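**Q** For my numbering, count along the sequence shown from 1 and bump the result up by 148.
Heads up, the beta-carbon is just placed ideally off N, CA and C, and yes, glycines get one too.
These numbers come from a predicted model, not from an experiment.
Just passing along the structure, written as structure tokens.
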Amino acid sequence: LAQWRGDFGAAGSDADADGDSDGNDFLIWQRNLGAGTPPPSTPAVGAVPEPASWALCALGIVIATAAGRRKQIA
Numbered sequence: 149l150a151q152w153r154g155d156f157g158a159a160g161s162d163a164d165a166d167g168d169s170d171g172n173d174f175l176i177w178q179r180n181l182g183a184g185t186p187p188p189s190t191p192a193v194g195a196v197p198e199p200a201s202w203a204l205c206a207l208g209i210v211i212a213t214a215a216g217r218r219k220q221i222a
């Protein structure tokens, strides 16, 4: 148990992210012992762009298109 606390810490010992530290968490730790890194305490989530990022990207495309058309007209 000392190794388990050292690997996960007091708050990070919830290996299956179910809100508690119990036998299932200890079993996950045992199965992953020596694997290099402990399993994440929360599931990995990919980065999702914010709506403001999409709006800023669209604004940049509009400005670039308008600037390109101005150069063609002049």
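1) When burial is assigned at 16 or more other CB atoms within 10 Å of the CB, is A163 buried or exposed?
2) Alpha carbon to alpha carbon, what distance is there between A165 and V210?
3) Helix, strand or coil, according to DSSP, for P199 in the structure here?
4) Please return the same chain residues whose Cβ sits closer than 7 Å to the Cβ of W200, not counting the five positions on each side in sequence.
5) Terminal residues of the continuous alpha helix (DSSP H) containing G171?
**A** The answer reads as follows:
1) Buried: at least 16 other Cβ atoms inside 10 Å.
2) 44 Å
3) helix
4) Before going further, note that residue 200 is Ala rather than Trp in the sequence given. Here the set comprises nothing.
5) G171 to N180
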